[in-house]
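Quick note on full-length UniProt numbering: the sequence shown kicks off at 1 and runs consecutively.
All C-beta atoms, glycine included, are put in the ideal place defined by N, C-alpha and C.
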Amino acid sequence: MRIEGTRHPVKHEGFVPWPADVALRYTEAGCWRGRPLGSSMWDWSDAWGGRTAVVDGEQRLSYRELAASADALAEALADRGLTDGDTVLVQLPNCWEFVVVTLACFRLGVAPVMMLPPHRAYELASIGTHVDAKALVVPDEWRGYDHQDLAHRVAGTLPGDPLVLVVGDTVRPGGVDVRALLRPDGDTAARRGRLDASAPGATDAALFLLSGGTTGLPKVIGRTHNDYEYNIRQSAAACGITAETVYLAVLPAGHNYPLASPGILGTLSAGGRVVLLPSPRPEAVFEAIEREGVTTTSAVPAIALKWAEAAAGCGRDLSTLRHVHVGGSVLSPELAARIGPALGCRVQQVYGMAEGLICYTAPDAPDEVAHGTQGAPISAYDELLVVGPDGAPVGPGEIGELLTRGPYTPRGYYGVPDQNALSYTPDGWYRTGDQVRITPGGHVVVCGRVKDLINRGGEKIAAGEIETLVQEMPQVAEVAAVPAPDPDVGERVCLFVRVHEGHTLALEDVAAALTERGLAAFKIPERLEILADLPHTPVGKPDKKVLRNLLVTTIVR
Ligand code: OOB
Numbered sequence: 001m002r003i004e005g006t007r008h009p010v011k012h013e014g015f016v017p018w019p020a021d022v023a024l025r026y027t028e029a030g031c032w033r034g035r036p037l038g039s040s041m042w043d044w045s046d047a048w049g050g051r052t053a054v055v056d057g058e059q060r061l062s063y064r065e066l067a068a069s070a071d072a073l074a075e076a077l078a079d080r081g082l083t084d085g086d087t088v089l090v091q092l093p094n095c096w097e098f099v100v101v102t103l104a105c106f107r108l109g110v111a112p113v114m115m116l117p118p119h120r121a122y123e124l125a126s127i128g129t130h131v132d133a134k135a136l137v138v139p140d141e142w143r144g145y146d147h148q149d150l151a152h153r154v155a156g157t158l159p160g161d162p163l164v165l166v167v168g169d170t171v172r173p174g175g176v177d178v179r180a181l182l183r184p185d186g187d188t189a190a191r192r193g194r195l196d197a198s199a200p201g202a203t204d205a206a207l208f209l210l211s212g213g214t215t216g217l218p219k220v221i222g223r224t225h226n227d228y229e230y231n232i233r234q235s236a237a238a239c240g241i242t243a244e245t246v247y248l249a250v251l252p253a254g255h256n257y258p259l260a261s262p263g264i265l266g267t268l269s270a271g272g273r274v275v276l277l278p279s280p281r282p283e284a285v286f287e288a289i290e291r292e293g294v295t296t297t298s299a300v301p302a303i304a305l306k307w308a309e310a311a312a313g314c315g316r317d318l319s320t321l322r323h324v325h326v327g328g329s330v331l332s333p334e335l336a337a338r339i340g341p342a343l344g345c346r347v348q349q350v351y352g353m354a355e356g357l358i359c360y361t362a363p364d365a366p367d368e369v370a371h372g373t374q375g376a377p378i379s380a381y382d383e384l385l386v387v388g389p390d391g392a393p394v395g396p397g398e399i400g401e402l403l404t405r406g407p408y409t410p411r412g413y414y415g416v417p418d419q420n421a422l423s424y425t426p427d428g429w430y431r432t433g434d435q436v437r438i439t440p441g442g443h444v445v446v447c448g449r450v451k452d453l454i455n456r457g458g459e460k461i462a463a464g465e466i467e468t469l470v471q472e473m474p475q476v477a478e479v480a481a482v483p484a485p486d487p488d489v490g491e492r493v494c495l496f497v498r499v500h501e502g503h504t505l506a507l508e509d510v511a512a513a514l515t516e517r518g519l520a521a522f523k524i525p526e527r528l529e530i531l532a533d534l535p536h537t538p539v540g541k542p543d544k545k546v547l548r549n550l551l552v553t554t555i556v557r
């Protein structure tokens, strides 16, 4: 038997593989099937051919049309020089072309890097450089912002003159019109054969997900065909996804959660129908649920609670809805208990991460579990270890930091060995930075966080990234970014700053400077507190525990 995982995927040389013995175990256990995701796409098409796979407004694609379109695009991209082992930045809103582009990339062995629509030049350029992107895929414009212009500007700063691929009606010179390339003309079977013959290996990186991260370094997570297919398969099984499932994707599709947990790919793997919506606004969501008979959707707590508030008297028939998955940030049992009754469905909590591990409460879990826990891991091969500050395991049921390993939790971030030495133990455990306890029934309860990030409505913002940029402002002597509790989105970025003598600083100055640097708007600090001096830890770093307490106690409201 060929030992999956032993061949270092030189194509993406910053990728950290699983050790050979572990890889063999996952293969022998049937977790890894040794087939690329592009082949799975045709398996789905062979099984579900004429059924509707994807709906985006008026646009509907059957499984057969979806696979044929992805193949057509794959071959057209190959004709333009993209090849197995390349990476491309994909920055698309939730639209049917996102699904076709992603599958075309899988088919070719070109790994899409899942950027988010609000990302700007700072994120695209730093990630694009880190992964050596050969192309950028963007909408022509989105929410009034000119993404074509952004992509051309960023492409100009990257080596190798990357392609700019544009989805939209008005593709300007210099850009490639994606819609013109994905028409499945010609001999579909022959094209399928050609692409099969040059398919990538299953141990190669299939895609790159972005990590919320805690440092200024780009942290991208290479997910292999083997491990991601398992993530998709197990998630679909854990959530009871079937050919009858109609899944509504409203969270940004490039996130692991709506993409594969079980999300878009989990639904396609089971023969269900995916409905894409570019916004989580309650009116649009309720309209889509009624129109398409949506059975399942997923949200972060802030969004699910907005839906719950807006459902009464919305005038829409929501009776097809059976499950809402809620995860990505903390949800209290009291709030969890409100969502199901308000929407007329069951809540399934999800605790997951782009780095791997995914937990769900079962579709039919009793309230005590569905409301009070964040679920159990999807694989019998997931290993969970809860440790205290000294690194030693805590007693059963006690709170500590969660470490994890498993068949879909890669062993390192892409191309950052120094960071990996901090984020992973020498024997391959990923330090989640989350504080949890595990119930006697084996369910994870998230109790807090030790990692240095701000979770704004499920979007993770690395404190270090913001601090590095703010520190460059001439007025700033010292800065610390901490989460300010917020009733709407959970947390917002708050800056504590000591300014140089004789200087002043306003929140607008910070916003203007970071926007000028090309930072995504959701990361821009929304609160600024100027202190004469920052409190420090014994090693001289800003004491964020003290700063966080200031926000919830007396001196700063
Ligand atoms: C999901 O993935 P990421 O990579 O955006 O963020 C992961 C982090 C976790 O380490 C944890 O800090 C937090 O988000 N988180 C939760 C949570 N689910 C995730 N914190 C409290 N309660 C929860 N239920 O957020 C993600 C990926 C796949 C599925 C679902 C969520």
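Straight-line Cα distance separating residue j from residue i
i	j	result
Arg2	Leu422	Bear in mind that the predicted position of Arg2 carries a pLDDT of just 37, short of 50, making it unreliable; the figure below should be weighed with that in mind. Roughly 32 Å separates the two Cα atoms.
Val300	Asp434	17 Å
Val138	Ala78	18 Å
Pro173	Tyr360	47 Å
Thr432	Pro184	43 Å
Val539	Ala480	15 Å
Tyr381	Val436	19 Å
Pro440	Val330	21 Å
Leu66	Ser319	29 Å
Lys134	Ala151	12 Å
Val113	Gly502	44 Å
Val482	Thr468	14 Å
Arg338	Leu507	36 Å
Thr537	Lys11	43 Å
Asp196	Leu73	14 Å
Leu402	Leu384	7 Å
Contact test: residue i Cβ vs the ligand OOB heavy atom, cutoff 7 Å
i	result
residue 562	Outside the displayed span of the chain (1 to 557) sits residue 562, for which this structure offers no information.
Ala354	yes
Gln349	yes
Leu305	no
Gln374	yes
Arg449	yes
Ile264	no
Ile358	yes
Val330	yes
Val446	yes
Span of the alpha helix (DSSP H), counted from its first residue to its last, around residue i
i	result
Ile466	Ala463 to Gln471
His147	His147 to Thr157
Val178	Val178 to Leu181
Arg192	Thr188 to Ala197
Thr439	Note, Thr439: premise wrong, no alpha helix (DSSP H); not H, not E.
Pro301	Pro301 to Ala311
residue 611	With the chain running from 1 to 557 in the structure shown, residue 611 is simply not present.
Glu28	Ala20 to Glu28
Leu422	Pro417 to Ser423
Leu37	Leu37 to Trp48
Limits of the beta strand (DSSP E) - the one that residue i falls within
i	result
Ala477	Val476 to Asp486
Gly327	His323 to Gly327
Arg498	Gly490 to Val499
Asp56	Thr52 to Asp56
Gly517	According to the sequence shown, residue 517 is Arg rather than Gly. Counting along the chain, Arg517 falls outside any beta strand (DSSP E), and DSSP gives it neither H nor E.
Glu13	From DSSP, Glu13 is part of no beta strand (DSSP E); its letter is neither H nor E.
Ala135	Ala135 to Pro139
Ala206	Ala205 to Leu210
Val167	Leu163 to Val167
Ile530	Arg527 to Ile530
Arg456	Leu453 to Arg456
Worksheet item: Enumerated in chain order, which unbroken segments of the beta strand (DSSP E) with a length of 3 residues or greater are wholly contained in the stretch 58-133?
Response: Every beta strand (DSSP E) stretch that sits fully inside the stretch 58-133 and reaches 3 residues is listed by chain position as 59-62, 87-90 and 111-114.
Practice prompt. Would you be able to state if there are at least three C-beta pairs under 8 Å between the stretch 513-531 and the stretch 121-132?
Written response: For the pair of segments examined, the stretch 121-132 was found to touch the stretch 513-531: the number of CB pairs separated by less than 8 Å reaches three.
Worksheet item: Curious, which full-length alpha helix (DSSP H) runs of at least 4 residues does the stretch 330-405 contain?
Response: Counting whole runs of 4 or more residues, the stretch 330-405 contains the alpha helix (DSSP H) stretches 333-343 and 367-372.
Worksheet item: Do the stretch 413-428 and the stretch 363-381 make contact, defined as three or more Cβ pairs closer than 8 Å?
Response: No contact exists between the stretch 413-428 and the stretch 363-381.
Practice prompt. Taking only runs that begin and end inside the stretch 214-293, name each unbroken alpha helix (DSSP H) of 4 or more residues, in chain order.
Written response: Runs of the alpha helix (DSSP H) inside the stretch 214-293: 225-238, 256-260, 263-269 and 282-292.
Discussion item. Check whether the stretch 218-234 and the stretch 20-35 touch, using three or more Cβ-Cβ pairs below 8 Å as the test.
Written reply: Yes, the stretch 218-234 is in contact with the stretch 20-35.
Worksheet entry | contact_flag[the stretch 487-502, the stretch 452-469] where n(CB pairs < 8 Å) is 3 or more | Cβ pair count under 8 Å is three or more, so yes.
Discussion item. Using a Cβ distance threshold of 8 Å, determine whether the stretch 282-290 contacts the stretch 251-263, with at least three qualifying pairs required.
Written reply: Pairwise C-beta distances place the stretch 282-290 out of contact with the stretch 251-263, as fewer than three of them are shorter than 8 Å.
Discussion item. For the pair the stretch 55-65 and the stretch 90-99, tell me if three or more CB-CB distances fall below 8 Å.
Written reply: Yes, the stretch 55-65 is in contact with the stretch 90-99.
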